[in-house]
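Enquirer: Using the working numbering, you'd call the opening residue of the sequence shown number 11 and step up by one each time. Ideal Cβ positions, reconstructed from N, Cα and C, are used throughout, including at glycine.
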Amino acid sequence: MMLGLRTTIYKVDDLQKATEWYEKAFNTSPYFVEPFYVGFNIGGYELGLLPDDTATASKSHNILSYWGVEDINETYQFLLSIGASELESPTNVGGEIVVAAVKDPWGNAIGIIFNPEFKLQ
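(1) Considering only the alpha carbon of each residue, which of 18, 16, 17 and 43 lies closest to residue 29?
(2) So, are the CB atoms of residue 108 and residue 128 less than 8 Å apart?
(3) Distance check for residue 93 and residue 15, CA to CA, integer angstroms please.
(4) Judging by CA-CA distance, which residue of 122, 112 and 90 is the nearest neighbour of residue 103?
(5) Which full runs of the beta strand (DSSP E) of 3+ residues lie inside the stretch 53-129, going along the chain?
(6) Is it buried or exposed, residue 83, if we count other Cβ atoms within 10 angstroms and call 16 or more buried?
(7) So, helix, strand or coil for residue 36, using DSSP?
(8) Grab the span of the beta strand (DSSP E) containing residue 20 for me, first residue to last.
(9) Do you know whose CA, among 112, 81, 20 and 19, lies nearest residue 91's CA?
(10) Excluding five sequence neighbours on each side, which residues of the same chain lie with their C-beta closer than 6 Å to the C-beta of residue 71?
(11) Nearest by alpha-carbon distance to residue 47: which of 17, 76 and 117 is it?
(12) Within 10 Å of its beta-carbon, does residue 117 have 16 or more other beta-carbons around it, so buried, or fewer, so exposed?
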């Protein structure tokens, strides 16, 4: 039985720089730092950084995790201002729900979502 999302992993070729970037992007410090993995607790969910020297161009965007935000336009612009690049500008997908996506400096897709209807169960 599926219990729900627990962890999203982003592969990066420079773990130190990526750790610093994600600290800024999510405004938090990691709770676990080792040469083989860095873990952040984001609202009870795991954001993990895994060292990988795979070329950025070979990364796929066929899987996208969305991180909840209170102000999608502000968050989207902030991520772009610290070095992310545009993948999908904020788009209303029905009702008040708005999604967007950026690529981090290592080519990983980061989705953000404003969804006032979402409630943890």
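Expert: Let me lay it out:
(1) Minimum Cα distance to residue 29 is reached at 43.
(2) The answer is no: Cβ separation not under 8 Å.
(3) Cα to Cα, the separation comes out at about 27 Å.
(4) It is 122.
(5) Runs of beta strand (DSSP E) with 3 or more residues, each lying fully within the stretch 53-129, are found at 55-61, 76-78, 95-104, 107-113 and 119-124, listed in chain order.
(6) Around the beta carbon of residue 83, fewer than 16 other beta carbons lie within 10 angstroms, which makes this residue exposed.
(7) In the displayed model, residue 36 falls within a helix according to three-state DSSP.
(8) First-last of the beta strand (DSSP E) with residue 20: 17-22.
(9) Considering only 112, 81, 20 and 19, the residue with the shortest C-alpha distance to residue 91 is 112.
(10) Once the five neighbours on either side are set aside, the close Cβ partners of residue 71 are 119.
(11) A check of alpha carbon separations from residue 47 across 17, 76 and 117 identifies 17 as the nearest.
(12) Counting other Cβ atoms within 10 Å of its Cβ, residue 117 reaches 16 or more and is therefore classed as buried.
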